[in-house]
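Chains as they are written, first to last, in the numbering used here: chain W, -18 to 258; chain C, 21 to 433.
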């Protein structure tokens, strides 16, 4: 008897469970159909999209210019100015000479001086230097390039400050483009100055080849000159020059695009329903 | 300036800048002259710009002076091209004024002149080299000298600067012409505006002359003409007085309102009649004018001169009438507004009960609209200006059936 009662109870429980399951399924189906009906009525449910917050673009060219100027200053102070390798009848020398050695007149073999300023009386009446360089050039040009790099740092800093101020004050795009174009003009000018200051060292290599007989006449059997520091300066100036030209093109393109744009009044107005009928 | 011209100028100015910088580099880099030496080494000694500076030879110094001029000219070309680039940017972005156009034009002209000078100095340089026996141009290969490289680039520079200036001059001449035409048109418009409001005496005379050609009355005397002109002028004076009176109303309104409220209401009725009479008078005057134009020379009448005292009386009378009319209208409008406000308040309360407090009714214009606002409203879409019905109770958001723009109802009472 007890077993039969237990079985009955179990059957009842199982029936109840099945009923619950059926109810749950029915509820699910109802919910789904209700949702589908709602969707059909109102359209597809929109996904909750977070509002897009755009930060103002920060133009980092000013910082780039400052970094380039700092690299230039580093090159002047730490990269050797000149690599010289020459052979005379008596000796042969291979040496790296820095800007500091030229500055404080610490050149040891005096024969090096004769490379730049010849003391030969019979050699030439027209010129003392055969490669277009004097000792003063080795002192003055790095000095001037240092000044130019200082100016570059100042210009770059001013431009970055302007861009930082722009983030808070919201200058118009037109004023930003105008300031940008003035900045590019400064970049180009500084680039040209550095280029022309250091170009004579590159020209010296050409003259070294062209005026070789005169150098031999001074007593040199073989001369090899490499101006490391000026080469790097020329590279930097070329980079500046290219940056300037690209910025110039970009600014002009932006200006032309702005010229083409005509803003309609609708963009500035907010419309709401319920206006005058 | 046209956009096509600006685009051309943009291209040209970049090329000019690039070429001028290249020429500057070449001046410092290239060997320019070769001097035959008769010392221990009997060879040609090549000189570049820097080497020429240190030379003690006077002939080389003469050549150096010319080369220095070219060098300075190239520097100025670089700076002016950069300045004109900034001018173009400013012109395209902000100030499309005549001043900036002139500045661009002058800078382009200066650029062209400088390039021409460079070309001229280079010819002089080559001629002076030819004149001196001991000095020759340093050769790359026998027929081709190093100096030719720079010479070719400077010719390119001259051509491009020529194109640049030509384009700008061509466009600026058009612009100047258009500026002149615009100025003339503006002047004409201003004149027309000035003359259209009040007819001048000459116009009145012309209007009088016109019918004379058609009419049979050709032998009228000069005095009659003058009398008629005076009449028309007198009418004009009365119009001016009315205009002045209209301007003075707002100042005196407040004071006269208080007086009018205290004064009897009976007066209003009588003054109403007066206003009606005045309007009738105005119509009569207009009819008279038309008659005058049709029959310009009626019988001779004595000249009517309006004195200052008469004008003041007229203006005072006109002000009184106007103020009373305004008050009467206001008294009529007040009860209407009160009823409107009551209806709007009731509606607001119902909306507050049903929906959130942010949603509000549309603008109500007439009493007929109030009846409609019980359930269905008319709504105009701001996008496509399509007017469609809207059930106030059913929807919170509205979607335009024509363009699909979504929106909410705005509070406007």
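Note that beta-carbon positions come from the ideal geometry of N, C-alpha and C, so glycine has one too.
Nearest CA to the CA of residue i: which residue from the options?
{"i": "residue 153 (chain W)", "options": "W:190, W:-4, W:239", "result": "W:239"}
{"i": "residue 69 (chain C)", "options": "W:183, W:213, W:-12, W:5", "result": "W:183"}
{"i": "residue 121 (chain W)", "options": "W:145, W:71, W:179", "result": "W:179"}
{"i": "residue 66 (chain C)", "options": "W:-14, W:-1, W:107, W:1", "result": "W:107"}
{"i": "residue 187 (chain C)", "options": "C:132, C:405, C:164", "result": "C:132"}
{"i": "residue 41 (chain C)", "options": "C:94, C:85, C:202, C:345", "result": "C:94"}
{"i": "residue 33 (chain C)", "options": "C:174, C:98, C:54", "result": "C:98"}
{"i": "residue 221 (chain W)", "options": "W:174, W:89, W:73, W:80", "result": "W:174"}
{"i": "residue 134 (chain C)", "options": "C:338, C:178, C:337, C:201", "result": "C:178"}
{"i": "residue 149 (chain C)", "options": "C:167, C:110, C:129, C:175", "result": "C:167"}
{"i": "residue 45 (chain W)", "options": "W:224, W:230, W:236", "result": "W:224"}
{"i": "residue 1 (chain C)", "options": "C:37, C:102, C:152", "result": "In the structure displayed, chain C extends from 21 to 433; residue 1 (chain C) sits before or after that span and is not available."}
{"i": "residue 69 (chain W)", "options": "W:233, W:228, W:117, W:200", "result": "W:200"}
{"i": "residue 60 (chain C)", "options": "W:235, W:198, W:211, W:207", "result": "W:198"}
{"i": "residue 215 (chain W)", "options": "W:96, W:176, W:234, W:112", "result": "W:176"}
{"i": "residue 114 (chain W)", "options": "W:187, W:202, W:-10", "result": "W:187"}
{"i": "residue 136 (chain W)", "options": "W:119, W:169, W:150", "result": "W:169"}
{"i": "residue 203 (chain W)", "options": "W:228, W:96, W:134", "result": "W:96"}
{"i": "residue 164 (chain W)", "options": "W:141, W:146, W:147, W:149", "result": "W:141"}
{"i": "residue 259 (chain W)", "options": "W:226, W:-2, W:213", "result": "Nothing can be reported for residue 259 (chain W), as the shown portion of chain W is limited to -18 through 258."}
{"i": "residue 190 (chain W)", "options": "W:7, W:112, W:12", "result": "W:112"}
{"i": "residue 338 (chain W)", "options": "C:58, C:160, C:214, C:180", "result": "What the structure shows of chain W is the stretch from -18 to 258, and residue 338 (chain W) is not part of that stretch, so it cannot be assessed."}
Can you look up residue i in the DSSP assignment and give me helix, strand or coil?
{"i": "residue 64 (chain C)", "result": "strand"}
{"i": "residue 407 (chain C)", "result": "strand"}
{"i": "residue 51 (chain W)", "result": "helix"}
{"i": "residue 66 (chain W)", "result": "strand"}
{"i": "residue 400 (chain C)", "result": "strand"}
{"i": "residue 117 (chain C)", "result": "coil"}
{"i": "residue 202 (chain W)", "result": "strand"}
{"i": "residue 75 (chain W)", "result": "strand"}
{"i": "residue 55 (chain C)", "result": "strand"}
{"i": "residue 114 (chain W)", "result": "coil"}
{"i": "residue 427 (chain C)", "result": "strand"}
{"i": "residue 251 (chain W)", "result": "Per-residue confidence for residue 251 (chain W) stands at a pLDDT of 46, beneath the threshold of 50, marking its modelled position as unreliable; the derived number appears in the next sentence. In the structure shown, residue 251 (chain W) sits in coil (DSSP, three-state: anything other than H, G, I, E or B)."}
By Cβ distance below 7 Å, which residues in the same chain neighbour residue i in space, the five residues on each side in sequence not counted?
{"i": "residue 56 (chain C)", "result": "64, 154"}
{"i": "residue 425 (chain C)", "result": "401, 403"}
{"i": "residue 189 (chain C)", "result": "125"}
{"i": "residue 145 (chain C)", "result": "83, 86, 87"}
{"i": "residue 90 (chain C)", "result": "47, 138, 141, 142"}
{"i": "residue 79 (chain W)", "result": "61, 62"}
What span of residues does the beta strand (DSSP E) with residue i cover, start to end?
{"i": "residue 98 (chain W)", "result": "That residue, residue 98 (chain W), is in no beta strand (DSSP E); it is neither H nor E in DSSP."}
{"i": "residue 166 (chain C)", "result": "Unbroken run through residue 166 (chain C): none, as it is neither H nor E."}
{"i": "residue 34 (chain C)", "result": "Unbroken run through residue 34 (chain C) is the alpha helix (DSSP H), 23 to 49; no beta strand (DSSP E)."}
Suppose the cutoff is 6 Å on Cβ atoms and the five residues either side in sequence are ignored; what does the same chain contact list for residue i look like?
{"i": "residue 171 (chain C)", "result": "142"}
{"i": "residue 427 (chain C)", "result": "418"}
{"i": "residue 119 (chain W)", "result": "83"}
{"i": "residue 385 (chain C)", "result": "Low local confidence applies: a pLDDT of 40 at residue 385 (chain C) is under 50, so the model's placement there is unreliable, and no value is given."}
Quick one: residues in its chain with C-beta nearer than 8 Å to the C-beta of residue i, no 5 flanking neighbours on either side, listed in chain order?
{"i": "residue 102 (chain C)", "result": "37"}
{"i": "residue 100 (chain C)", "result": "127, 130, 131, 134"}
Can you tell me where the alpha helix (DSSP H) with residue i in it begins and where it stops?
{"i": "residue 40 (chain W)", "result": "No alpha helix (DSSP H) holds residue 40 (chain W); DSSP gives it neither H nor E."}
{"i": "residue 158 (chain C)", "result": "First-last for residue 158 (chain C): undefined, no H or E at that position."}
{"i": "residue 85 (chain W)", "result": "Careful: residue 85 (chain W) lies outside any alpha helix (DSSP H) and carries neither H nor E."}
{"i": "residue 76 (chain C)", "result": "That residue, residue 76 (chain C), is in no alpha helix (DSSP H); it is neither H nor E in DSSP."}
{"i": "residue 152 (chain C)", "result": "First-last for residue 152 (chain C): undefined, no H or E at that position."}
{"i": "residue 186 (chain W)", "result": "154 to 191"}
Compute the minimum distance between the beta carbon of residue i and the heavy atoms of the ligand ZN, and state whether it is under 8 Å.
{"i": "residue 138 (chain W)", "result": "Absence of the ligand ZN from the depicted structure is noted, as is the absence of any ligand whatsoever, leaving it without description."}
Compare the C-beta of residue i with all C-beta atoms of chain A and state if any pair is closer than 9 Å.
{"i": "residue 176 (chain W)", "result": "No chain A is present in this structure, whose protein chains are W and C."}
So does the stretch 23 to 37 of chain C actually touch the stretch 56 to 76 of chain C, counting three or more Cβ pairs closer than 8 Å?
no
For the stretch 41 to 49 of chain W against the stretch 122 to 140 of chain W, do three or more pairs of beta-carbon atoms, one drawn from each stretch, fall closer than 8 Å, so that the two count as touching?
yes
Give a yes or no on contact between the stretch 187 to 207 of chain C and the stretch 42 to 56 of chain C, applying the rule of three or more CB pairs nearer than 8 Å.
no
Given 8 Å, three or more beta-carbon pairs between the stretch 156 to 173 of chain W and the stretch 53 to 66 of chain W
no
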